[in-house]
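K.L.:
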Amino acid sequence: MDEASQATEPEALIPITKGSRHLVLVGDHKQLPPVVQSQAAKQGGLGTSLFERLLDAGAPSAMLQVHYRMHPSLSAFPNAQFYDGLLVDGVRAADRTRPEGFAFPSAGHNVVLVDIDGEEQTSLRGSHSNEKEAEVVVRLVTRLVERCGLRTGQVGIISPYKAQVQLLARKLPFETTTKVGGGGDDDDEAARLNLLECKSVDGYQGREKEVIVFSAVRCNSRREIGFLKDWRRLNVALTRARRALVVVGSCRTLRGDENWGAFVEWAEANGCVAKASQL
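Using the UniProt record's numbering, the first residue of the sequence shown is number 1, and each one after it goes up by one.
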């Protein structure tokens, strides 16, 4: 059963009850968990997948350690922060060259954290957006496509908030899709039409792009980041890119969370932080 860590236990039982004599679950419990809307169901334990429950119970397991997606500098932080340094790079830096014409602040890292203090807005439905941050994202994506030789279909934009995804889709000068295909028909159509995909973190689970631009959105004096606190969402967001990763956000606000704060410190230590005006 593939993507088993995203399946609720009732969903996992469906194929199991079809006469299975052996069961192999494949997934990553350190990425997005099952989607459970009901609070009562969450309190009843349905937010924990069968995959994670069996792993916690000591069921026989094996970790696939070699990855073939990311430039080594892209895997460095998530490997140390979430996987205890157990991941092994199956590709060399030469296999994942950075886009030419983009001003990465660090010579050895294909990562840039663009520090910007915008102003977050909250919609009537409670979703958040950030106009100033969106303008920076649009400018950077436009440069990647028009000056760095990338096709629109090779660049992906991720934001945790629907309001920001919609704002970016309106501002981008390219044909853009916000449809979440989950690896299905919508994703296939986007690839065929070479569309620029602007989606939530959940919409990029199991996906990859040559370059990912992430818009963090949150910027406030309380350093409150909402469900960005979910470290599994951070892990997914940071591991979708093959060649380069651009994170746009307020370092001051992101420091309010342990895992995001660790990412900011890692970026600073490796010379990967830049102001929007520098790019």
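For glycine and all other residues, C-beta sits at the position ideal for the given N, C-alpha and C.
I believe residue 289 touches S5 by the beta-carbon criterion, under 8 Å. Please report the beta-carbon distance rounded to the nearest angstrom.
P.N.:
No statement about residue 289 is possible, as the shown extent of the chain runs from 1 to 279 and does not include it.
K.L.:
With respect to the alpha helix (DSSP H) encompassing R232, which residues constitute its N-terminal and C-terminal limits?
P.N.:
As a working note, residue 232 is residue 232 in the sequence shown. Per DSSP, R232 belongs to the alpha helix (DSSP H) from 231 to 238.
K.L.:
Straight-line CA distance for L140 to L25?
P.N.:
Along the sequence shown, read from residue 1 onward, the residue named residue 140 stands at position 140. Along the sequence shown, read from residue 1 onward, the residue named residue 25 stands at position 25. Answer to the nearest angstrom: the Cα atoms are 39 Å apart.
K.L.:
Short check: CB of P105 to CB of A274, under 9 Å?
P.N.:
Along the sequence shown, one-based indexing puts residue 105 at 105. Along the sequence shown, one-based indexing puts residue 274 at 274. Yes, these two residues count as a Cβ contact at 9 Å.
K.L.:
Alpha carbon to alpha carbon, how far is D230 from A103?
P.N.:
Along the sequence shown, read from residue 1 onward, the residue named residue 230 stands at position 230. Along the sequence shown, read from residue 1 onward, the residue named residue 103 stands at position 103. So the alpha carbons of these two residues sit roughly 30 Å apart.
K.L.:
Measuring alpha carbon to alpha carbon, tell me which of T8, K30, M1 ends up nearest R232.
P.N.:
Locating residue 232 in the sequence shown gives position 232, counting from the first residue. Comparing Cα positions, the closest option is K30.
K.L.:
Under 9 Å, do Q121 and N110 count as touching if we go by C-beta distance?
P.N.:
Looking up residue 121 in the sequence shown gives position 121. Looking up residue 110 in the sequence shown gives position 110. No; because the gap between Cβ atoms is not below 9 Å, this pair is not in contact.
K.L.:
Terminal residues of the continuous beta strand (DSSP E) containing I16?
P.N.:
Along the sequence shown, one-based indexing puts residue 16 at 16. Element bounds for I16: not the beta strand (DSSP E) but the alpha helix (DSSP H), 9 to 16.
K.L.:
Whose C-beta lies closer than 8 Å to the C-beta of G101 among residues of the same chain, with five residues either side of it excluded?
P.N.:
As a working mapping, residue 101 is identified with position 101 in the sequence shown. Excluding residues within five positions, the ones whose Cβ falls inside 8 Å are R143, R147, C148, G149.
K.L.:
Given a cut-off of 9 Å, decide if I212 and G156 are closer than it, judged by their beta-carbon atoms.
P.N.:
As a first step, residue 156 must be located in the sequence shown, where it is residue number 156. As a first step, residue 212 must be located in the sequence shown, where it is residue number 212. Yes, the pair counts as a contact, with Cβ atoms nearer than the cut-off.
K.L.:
So if DSSP puts D156 in a beta bridge, which residue, or which two residues, is it bridged to?
P.N.:
For the purposes of this step, residue 156 is identified with residue 156 of the sequence shown, where counting begins at 1. This sequence places Gly at residue 156; Asp is not what is there. DSSP output for G156 lists E197, I212 as bridge partner(s).
K.L.:
By alpha-carbon positions, which one of G226, S277, R240, A276 ends up nearest to W260?
P.N.:
On the sequence shown, position 260 is the one that residue 260 refers to. Of the candidates G226, S277, R240, A276, the one whose C-alpha sits nearest the C-alpha of W260 is G226.
K.L.:
Residue range of the beta strand (DSSP E) that A244 falls in?
P.N.:
Within the sequence shown, the letter at position 244 stands for residue 244. Here the beta strand (DSSP E) through A244 covers 241 to 249.
K.L.:
Which term fits E197, buried or exposed, when burial requires 16 or more other beta carbons within 10 angstroms of its beta carbon?
P.N.:
Walking along the sequence shown from the start, residue 197 turns up at place 197. Buried: at least 16 other Cβ atoms inside 10 Å.
K.L.:
Excluding five sequence neighbours on each side, which residues of the same chain lie with their C-beta closer than 8 Å to the C-beta of P173?
P.N.:
Here residue 173 refers to the residue found at position 173 when the sequence shown is read from its first residue. Cβ neighbours of P173 beyond the five flanking positions: V138, T142.
K.L.:
Is the separation between the beta-carbon of E210 and that of A241 shorter than 9 Å?
P.N.:
If you number the sequence shown from 1, residue 210 lands on position 210. If you number the sequence shown from 1, residue 241 lands on position 241. Yes, Cβ-Cβ distance for E210 and A241 is below 9 Å.
K.L.:
For N79, does the count of other Cβ atoms within 10 angstroms reach 16, so buried, or fall short, so exposed?
P.N.:
Locating residue 79 in the sequence shown gives position 79, where the first residue counts as 1. N79 comes out buried.
K.L.:
Check for me: the alpha helix (DSSP H) holding K171 runs from which residue to which?
P.N.:
Residue 171 sits at position 171 when you count from the first residue of the sequence shown. Its alpha helix (DSSP H) spans residues 162 to 171.
K.L.:
For the beta strand (DSSP E) that contains T122, what are its first and last residues?
P.N.:
Here residue 122 refers to the residue found at position 122 when the sequence shown is read from its first residue. Per DSSP, T122 belongs to the beta strand (DSSP E) from 120 to 122.
K.L.:
Give me the Cα-Cα distance between R94 and Q81, rounded to the nearest whole angstrom.
P.N.:
As a position in the sequence shown, residue 94 is number 94, starting the count at 1. As a position in the sequence shown, residue 81 is number 81, starting the count at 1. Correcting the residue type first, residue 94 is Ala in the shown sequence and not Arg. Between A94 and Q81, the C-alpha separation is close to 24 Å.
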